[in-house]
Every structure is written in structure tokens, then in C-alpha cells.
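Engineer: Below are the C-alpha cells for one structure; questions will follow.
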Amino acid sequence: MKSLSATAAMFATLLCAALPAAASALTAAESKPATAAAAAGINWYDGDVDAAFAFAKAHDKPLFLYWGATWCPPCNQVKATIFNRQGFIERSRFFVPVHIDGDSAGAQKLGERFKVRGYPTMILFKPDGTEITRLPGEVDADRYLQTLTLGISANRPVRQTLQAALAGGKLTADEWRLLAYYSWDTDEQQLVGGKELSSTLKRLAATCPPGDTANRLALSGLVAAAIAKPGETAGVDKTAAAVQLTKAVTDVHTARENMDIFTNYPAELVQLATVPKTPARAKLIAAWDIAMQRLSGDKTLSKTDRLSALAAQVSLARIDTPDGALAPALLKDVRQRVALADSATTDAYERQSVINTGAHALSDAGLLDDSDRLLKAELKRSHAPYYFMLSLASNARKRGDKTGAINWYEQAYQAAQGPATRLQWGAAYLSGLLELAPQDEGRIEKVAHDVLQELGSAQNAFYERNRSVLERLGKKLNTWNADGKHQAVIGRLRLQLDGVCGKLPAADAQRATCQGLLSSARV
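Position one of the sequence shown corresponds to residue 1 (the working numbering), numbered consecutively onward.
Printed below as a string of C-alpha cells:
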């Protein structure tokens with residue numbers, strides 16, 4: 001096993017010496033937000049990514065890559081709760097921090113290179129450019145910094161650690177923790193294919209020494225099974241899963257350690273483990289609801305995390321009666337807690353996350369007018385108001401107001417900034433039209449024409465997130481024209497797209513992607 005580099009050894013000595021095998025909690029000073037002046041002390045690398053990797057190698061430093069977007073609520077949450085922590089700022093002196101904004105020049109091509117798609121994705125690399133681990137953005141700040149510390153001090157990348165674990169090799173407690181807190185949500189099937197993820201995590205949980213780490217692996221395995229596409233995972237023993245989840249959510253410590261799992265996937269996990277309207281489901285929901293009540297009032301959590309626990313209560317109440325009325329006490333609690341979080345949040349980054357979570361909690365509770373008021377008020381304050389316009393469109397759709405929804409989609413597209421963002425918002429507008437006003441051929445063609453026109457002037461437009469957005473949009477347009485009634489429109493769009501594709505070099509992988517977008521349309 002390779003020894004620690006000089007930088008990692010120094011880092012471990014200065015910052016990690018107090019971490020026992022169980023990765024002790026951070027000091028109070030580390031977990032507090034830094035002052036504005038201190039937060040500015042993160043020395044984000046000023047230059048292109050290849051130069052950053054060369055710099056990291058020359059100075060024997062790990063490299064920390066953050067891939068995000070200005071509008072993204074989880075990205076803003078990371079900025080407000082992790083990047084402004086004194087502990088993160090201190091650790092950043094021991095690695096080369098690199099920020100890739102998804103709208104920056106060449107960003108989507110870099111996304112393809114590093115296999116990053118979802119915002120935010122955070123990756124730690126060795127000085128030689130080998131990926132060490134992907135960091136979990138959904139956990140709280142203390143756990144994040146502990147995981148970052150373990151990654152920098154790691155003797156081998158998580159990929160090798162995983163291979164050793166599956167081969168029956170001996171792992172240290174810290175290596176097991178890196179596996180348990182690896183960001184499987186942003187793995188993009190780099191370590192494990194989607195079909196094998198649930199069974200792999202279950203196998204790791206069975207091999208790992210009992211305790212918090214094994215619990216985390218087991219719960220992550222259930223999440224993977226719960227969100228897998230049909231046929232991608234083997235059947236789950238519902239009785240065993242229900243017992244496992246009930247025990248975990250009932251235990252105060254376990255529920256807090258895995259708050260991100262319990263707040264983000266309540267309905268999916270309950271539905272995975274139980275049958276509708278059975279005593280087992282009622283028991284699990286009741287235990288889960290108590291845990292969420294506790295977490296929603298836990299002031300050691302961020303405001304967004306507390307609102308996520310509140311939203312989970314709403315989700316639990318809706319599992320078997322999606323359109324039913326919620327208890328008045330729960331509705332009152334949702335209104336009060338969202339209003340409190342709104343009034344107490346002044347940081348611009350944090351507000352992007354808090355308002356998003358609060359608005360969705362209100363909307364899911366059926367309080368659409370309250371949600372609209374919150375979102376409309378934020379349009380004047382937010383640095384990315386176009387994001388909230390999509391939520392207003394969603395609320396209008398829930399009311400059955402098709403015209404209102406389309407108008408919000410249009411406003412969002414008009415206000416969106418950045419090439420990748422404008423593509424995504426333009427696709428949302430066009431998709432809304434195809435779903436809500438398929439007969440409005442003229443408007444559909446105009447929006448599609450505008451999106452393709454912008455596409456033709458964008459750099460590396462057919463990579464990563466952009467490619468996924470365009471492929472989904474192409475399928476929707478083809479479906480819209482399945483009966484051939486809109487063939488004239490599709491033909492004109494096809495000609496326009498051919499002009500875009502023709503400007504790409506023949507050997508460029510983007511060209512094949514471009515040419516395939518409308519290839520299934522009737523001719």
C-alpha cells in the first residue's frame with residue numbers, strides 16, 4: 001500500500017490528528033460559519049482545469065473539483081453551509097480547489113471528461129490526477145468535512161478500496177467510511193453499474209463490521225433498490241426491509257446520522273418495504289413521522305435540512321392518499337415553519353435553497369397559493385429568479401391552469417442566463433408546450449427554432465448535461481409527430497438542425513449526437 005504523500009501527511013498531522021477511528025466530531029470553531037472575509041480566503045484556482053491539475057501535480061497537492069450552477073439550490077446550499085465553514089477554508093489550503101460552472105466555456109465537455117452530470121458534484125483527486133472519491137453534498141457540514149478529511153488522508157482511491165472489499169480484503173474503519181459516504185448519487189456508474197448498485201451495497205453492508213457504517217451502506221442499498229428502474233434490481237424482501245427501516249428510523253442516533261436518506265426518500269423507501277394500507281406500512285409511517293418531527297426541529301441541522309424533514313412528513317401523509325386532505329395540524333405546521341425559515345434566512349445562497357424547499361413543501365401540502373406568494377416574493381431577491389419561475393409553472397399545472405403554466409415557462413426561458421442553462425430552460429418551455437398545448441404548432445416551432453438557433457452558437461453544445469437534455473427533447477418532438485401530422489414543422493427543424501450539425505468537424509463525437517436528435521421523425 002502506497003504511503004501518504006508529504007502534503008497528505010502534513011494535513012493529517014495538523015488537522016486530522018484528533019480524528020479517532022470513528023472520525024470524531026469537528027471542533028466548535030470548525031463547524032461555525034466563517035466570516036465573509038474568511039470565506040473569501042478559499043483560493044479557487046484561477047486558470048483552466050488542465051493547468052490546475054499540472055499545478056496540483058507539481059506541488060504534490062490533491063485537487064478538489066466542484067461542478068455546479070448558479071441557480072442550483074443544492075449548490076447554493078453547499079456554498080452556504082460547507083464552503084463558508086472555517087473547517088473547509090482551512091482544509092482548502094492543503095488542496096487545489098477548482099470550480100467549474102456548468103455555463104462556463106467548455107464546461108459541458110469537461111463534464112463528459114470527468115463523468116459529472118448532476119449539480120453539484122464534488123470530486124477529490126490525487127496529485128497525479130487519479131480520482132480518490134466523490135463527496136456527498138446532501139450530508140450535513142460536519143459529516144462532509146469529516147469525509148473530506150478521510151479522502152485527503154486516504155492511502156488508496158475508493159475504486160481500489162471497493163475492489164478490495166468485494167474481494168474479501170481487510171479494510172480499515174476509515175476505508176469503510178469512505179465507501180459508506182461515497183456520493184453514489186453522483187457516481188454516474190463509474191464504480192458500479194446501476195443494475196448492480198443495490199446488491200453491491202447490500203453485500204458491502206453484510207461484510208462491514210456492525211455499526212453506523214454498516215447501517216449507512218445497508219440503507220443506501222435500499223435507496224438504490226427503491227429508485228431503480230423496473231427490472232434493474234432483484235426483488236426486495238419487504239418484511240426484512242420494513243424491519244430494517246423501522247429499527248433505523250426509530251433509533252434517534254441512526255436517524256440523525258442518515259438524515260439525508262430519511263428526508264430525501266421517505267415515500268420511495270416506505271413503498272419499497274411495505275404494501276399499501278397494511279399494519280406494517282402504518283407502523284413504519286408512524287415511526288418515520290416521529291423521526292421527521294424531531295429532525296424538523298433539530299437546530300443542529302441547516303434550515304434547508306429541517307424543511308426537508310418537514311416536506312418528508314407531507315410526503316409520508318400522501319403515500320396512500322395522494323389527493324386527500326392533510327391534517328389541519330400538519331398544514332399549520334408547514335405554514336409556520338416555512339414562514340419562520342423565510343424570515344430567518346438572510347444569506348443569498350442559503351435563500352436559494354431554503355425558498356426552494358419551503359415552496360415545494362407548501363405545494364406538496366396543497367397550499368398552492370402560499371407557495372406562489374413565497375416564490376413571487378423571491379423573484380425580486382434571488383440572483384437566479386428564473387429557477388423559481390419553473391416552480392410557479394409547476395404550481396399552475398397542479399391547478400390545471402395550462403395557460404398560466406406555459407406563460408411561466410416562457411418567462412423563465414426569457415430570463416435564464418448562461419448557454420447550458422438557457423438550453424435546459426428552453427427545453428422545459430418547449431416540453432411544456434408539447435404536453436399542455438400540442439395543437440399550438442406555430443408556437444412550438446418558434447420556440448424549437450429559437451432553441452436550435454442558440455444551440456448553433458454555443459460551444460461544445462452536445463456534451464454531457466446538454467446532450468441528455470437534447471436527447472429527451474428530440475424524443476418528445478418525435479412523439480409529438482408520431483402520426484405524421486406535424487411533419488412539415490419537423491422537416492423545417494430538421495433542416496435547421498442539419499445546418500448546426502454541418503458546422504461540426506466530421507470526427508467530432510458531437511456531430512453524431514446532433515444528427516441523431518430527430519432521426520426517428522417520420523419522413
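C-beta atoms are modelled at their ideal positions from N, C-alpha and C, and glycine is treated no differently.
Since A341 and G358 are thought to touch, with beta carbons under 8 Å apart, how far apart are those beta carbons, to the nearest angstrom?
Structural biologist: 6 Å
Engineer: By the DSSP assignment, the alpha helix (DSSP H) with I319 in it spans what residues?
Structural biologist: Run containing I319: none; DSSP gives neither H nor E here.
Engineer: Apart from the five residues just before and just after L197, which ones in its own chain have a Cβ nearer than 7 Å to its Cβ?
Structural biologist: Counting only Cβ-Cβ distances below 7 Å, and skipping sequence neighbours, we find W184 and A224.
Engineer: Given this structure, state the Cα-to-Cα distance separating A39 from S92, to the nearest angstrom.
Structural biologist: A caution first: A39 carries a pLDDT of 44, below 50, which makes its placement in the model unreliable, though a value can still be read off. A39 and S92: Cα-Cα distance of roughly 11 Å.
Engineer: What residue ranges within the region 378-453 form continuous beta strand (DSSP E) runs of no fewer than 3 residues, ordered along the chain?
Structural biologist: Not a single unbroken stretch of the beta strand (DSSP E) spanning 3 or more residues falls wholly within the region 378-453.
Engineer: Can you name the start and end residues of the beta strand (DSSP E) that F55 belongs to?
Structural biologist: Premise fails: F55 lies in the alpha helix (DSSP H), V49 to A58, not in any beta strand (DSSP E).
Engineer: With a floor of 3 residues, list each beta strand (DSSP E) that falls wholly inside the region 65-114, ordered by position along the chain.
Structural biologist: For the region 65-114, whole beta strand (DSSP E) runs of length 3 or above, ordered along the chain, are 96-101.
Engineer: Across which residues does DSSP place F125 in a beta bridge pair?
Structural biologist: L63 and E131
Engineer: Less than 8 Å between the beta carbons of L310 and V334, yes or no?
Structural biologist: yes
Engineer: In whole angstroms, what is the alpha-carbon distance linking L4 and A54?
Structural biologist: Residue confidence is low: L4 scores 37 on pLDDT, short of 50, so the model does not pin down where it sits. No coordinate-derived value is stated.
Engineer: Short of 6 Å in beta carbon distance, which residues of its chain neighbour Y387, apart from the five on each side in sequence? Order them along the chain.
Structural biologist: W71
Engineer: Count the other CB atoms within 10 Å of the CB of P127; is the residue buried (16 or more) or exposed (fewer)?
Structural biologist: buried
Engineer: Express the C-alpha separation of N84 and L362 in angstroms, rounding to a whole number.
Structural biologist: Looking at the two C-alpha atoms, the distance is approximately 29 Å.
Engineer: Applying the criterion that 16 or more other CB atoms from any shown protein chain within 10 Å of the CB defines a buried residue, is N43 buried or exposed?
Structural biologist: So N43 counts as exposed.
Engineer: Tell whether a beta-carbon distance below 8 Å holds between D101 and G68.
Structural biologist: yes
Engineer: For P505, count neighbouring Cβ atoms within 10 angstroms of its own Cβ and tell me buried if that reaches 16, exposed if not.
Structural biologist: exposed
Engineer: Between the Cα of G106 and those of Y265, T239, R492 and E464, spot the shortest distance and give me the residue it belongs to.
Structural biologist: E464
Engineer: Which of the three DSSP states is assigned to V236 in this structure?
Structural biologist: coil
Engineer: Are M389 and Q411 closer than 8 Å when you measure CB to CB?
Structural biologist: Contact: yes.
Engineer: Taking the Cβ atom as the reference point for each residue, do G168 and I89 lie within a distance shorter than 8 Å?
Structural biologist: no
Engineer: Buried or exposed for V252, please, with buried defined as at least 16 other CB atoms from any protein chain shown within 10 angstroms of its CB.
Structural biologist: exposed
Engineer: Any idea what DSSP makes of Y45, helix, strand or coil?
Structural biologist: Coil, per DSSP.
Engineer: Between the region 282-290 and the region 315-331, are three or more C-beta pairs nearer than 8 Å?
Structural biologist: Yes: the two stretches touch, three or more of their Cβ pairs being nearer than 8 Å.
Engineer: Does the CB of K238 have a neighbour CB from chain D at under 8 Å?
Structural biologist: Protein chains in the displayed structure number just one, and chain D is not present.
Engineer: Of the choices G400, A393 and A348, whose alpha-carbon is the least far from that of K380?
Structural biologist: A348
Engineer: Report the rounded CA-to-CA distance for G221 versus R177, giving the unit in angstroms.
Structural biologist: 15 Å
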